[in-house]
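Residues in the sequence shown are numbered consecutively from 28, following our numbering.
Each remark here refers to the structure printed beneath this line.
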Amino acid sequence: MSRSPGVPRLLRRLNDRAALELLLVDGPLTRAELGERTGLSKVTAGQLLARLEERGLVEVAGERAGGRGPHAALYGVVPSSAYVAGLEVLPDSLKVGVADITGRIVVEITVNPADGGDPVRTVHAAVQRACGTAGIGLERLKAFVIGTRGVVDPVSGDVRWSYDLPAWHVGVLASLRRTLGASVTIENDVNLVALAEHTYGAAVGHDDFVVIWAGVGQGLGVMLDGRLHRGITGGAGEIGWLPVPGEPLPADVSQPQSGSFQRLVGHDALRGLAREHGVQGATVPDLVRNGGEDFLDAVAGRLAVGAAAVTVVLDPGLIVLSGDVGRAGGERLAAKVQEAVARVCPSRPPVVTTRVAGNPVLRGALVAALDQAREQVFSDTV
């Protein structure tokens with residue numbers, strides 16, 4: 028029986044990828060440990076490591092003392108073998124993070140998008156500045172993921188519409204790719220927060236959960252069976268438009284902040300609620316932090332309207348509260364939302380606050396960029 032000459036090459040590539048993933052998660056490892064974890068013989072594991080060293084993907088990262096014999100070399104992924112960039116675009120700021128292939132953030136900067144009318148020039152200048160600060164060449168970036176408010180078409184990858192970023196429209200993605208390369212991706216910001224929670228935060232180990240973003244605007248990130256659910260047009264998660272009892276329906280959906288749920292739990296609504304309860308604070312997060320039990324009960328009751336609607340439709344295993352309101356309320360607010368949802372829903376998902384450190388949109392953008400870069404770099408080892 029004849030054998031396909033491609034099979035050994037494919038097996039080597041699969042073994043290389045498995046070894047690199049192990050070294051990222053559990054490394055550094057000795058040759059024997061790597062062979063044991065992958066099921067490869069010591070000889071094959073040695074050949075694999077030699078191949079990855081030659082490609083500049085693996086290096087000796089130390090030694091492990093053993094018995095009476097010589098110390099065993101420890102191998103790890105070369106951090107500088109590739110870099111990625113994650114960005115968060117807001118009307119008044121642009122944040123850029125650069126990470127090496129291991130996921131370590133090497134630089135994070137915030138710039139003022141002075142030329143907000145030209146997204147391509149703004150992004151290019153910000154990425155160049157971040158690379159200059161980190162001391163790496165722009166050409167070493169293997170993937171760029173940009174988080175932005177608004178609806179992103181899941182087919183074309185373009186921003187279909189964004190109220191407060193009018194310059195981000197159809198055609199921007201193609202221009203960005205001409206400037207920075209084909210690896211540029213644009214993603215909805217709350218979807219990126221869901222990726223960050225799944226990788227680093229409250230949803231680690233959960234493949235079915237939602238993130239409710241409570242802040243200036245309201246958003247929903249949905250992960251089902253370990254994959255983001257974007258909807259046919261990219262509009263899944265626009266929870267601010269959820270119709271709710273007692274709030275008027277929008278007369279014109281082109282007007283921002285006019286959705287019924289947005290009217291119920293947006294910053295203006297919570298300021299009014301705080302005045303009714305005699306709560307004082309300079310900002311809405313301050314009001315939430317300073318509020319007493321009655322005020323937090325009222326806030327939780329309003330948030331629970333959206334959480335309950337999501338629960339009866341999706342039946343998620345977990346609800347994560349994020350955004351400046353969710354973060355300010357912490358576990359105290361999350362517990363009250365959980366109680367309020369349980370009173371009106373037959374299913375009772377746990378509700379927790381975000382556990383992502385730092386900027387969750389930026390962290391999620393780097394997660395997505397690293398997935399792309401590792402697929403590219405780790406799949407080209409043979």
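Ideal Cβ positions, reconstructed from N, Cα and C, are used throughout, including at glycine.
Quantities reported herein were computed from a predicted structural model and do not represent experimental measurements.
Coarse secondary structure for residue i, derived from DSSP in three states
| i | result |
| --- | --- |
| N42 | helix |
| V237 | strand |
| E224 | helix |
| M28 | Low confidence applies to M28: its pLDDT is 39, below 50, so where it sits in the model is not reliable enough to give any reading. |
| N218 | helix |
| V138 | strand |
| V154 | helix |
| W188 | strand |
| G33 | In this prediction, G33 has a pLDDT of 48, which is less than 50 and means its spatial position is unreliable; nothing more can be read from the coordinates. |
| S202 | helix |
| V383 | coil |
| D313 | helix |
| S120 | strand |
| T432 | Absent from the model: residue 432. The displayed extent of the chain is 28 to 409, so no value can be given. |
| E166 | helix |
| L269 | coil |
Residues near residue i by beta carbon distance below 6 Å, same chain, minus five either side
| i | result |
| --- | --- |
| A92 | H98 |
| G54 | G103 |
| T206 | V147, H151 |
| R401 | none |
| L203 | V147, V211 |
Residue from the options with nearest C-alpha to residue i
| i | options | result |
| --- | --- | --- |
| G113 | P387, V85, E402 | P387 |
| Y102 | V111, R316, R78, Y110 | R78 |
| L219 | E402, G350, E63 | G350 |
| A395 | L49, G130, E80, V383 | G130 |
| Y190 | V178, S183, V182 | V178 |
| R176 | E224, A109, Q245, D145 | Q245 |
| G242 | E90, V371, G356, L67 | G356 |
| G299 | G228, V326, A45, I259 | V326 |
| D252 | V337, H225, G264 | H225 |
| L192 | A223, P140, I239 | P140 |
| T71 | P35, Q289, P373 | P35 |
| P118 | A361, Q282, V138 | V138 |
| A331 | L360, L84, D180, I132 | L360 |
| P376 | L393, T408, D407, V340 | V340 |
Cβ-based neighbour list, residue i, same chain, cut-off 7 Å, excluding 5 preceding and 5 following
| i | result |
| --- | --- |
| D324 | K363 |
| V217 | V238, W240, G246, L247, G248, G264 |
| W188 | G177, V178 |
| Q403 | K169 |
| R390 | A223, Y227, V383 |
Paired residues, beta bridge with residue i - DSSP
| i | result |
| --- | --- |
| G246 | W240 |
| T71 | Bridge partners of T71: none, in fact. |
| V172 | G113, T212 |
| K363 | None; K363 has no bridge partner. |
| V306 | According to DSSP, V306 bridges with nothing at all. |
| S349 | W240 |
| V378 | I346 |
Cutoff 8 Å; reference residue i; Cβ partners in own chain excluding five residues on either side
| i | result |
| --- | --- |
| S287 | W268, L269, P270, V271, E274, P275, L276, P277 |
How about the segment 229 to 239 and the segment 193 to 208: do they share at least three Cβ pairs that are nearer than 8 Å?
Counting Cβ pairs under 8 Å, fewer than three are found: no touch.
Is the number of C-beta pairs between the segment 165 to 182 and the segment 201 to 218 that are closer than 8 Å three or more?
Cβ pair count under 8 Å is three or more, so yes.
Touch check for the segment 338 to 355 and the segment 375 to 391: three-plus C-beta pairs under 8 Å?
The segment 338 to 355 is in contact with the segment 375 to 391.
Within 8 Å, do at least three Cβ pairs link the segment 50 to 66 to the segment 83 to 91?
Taking 8 Å as the limit for Cβ pairs, the verdict is that the segment 50 to 66 does touch the segment 83 to 91.
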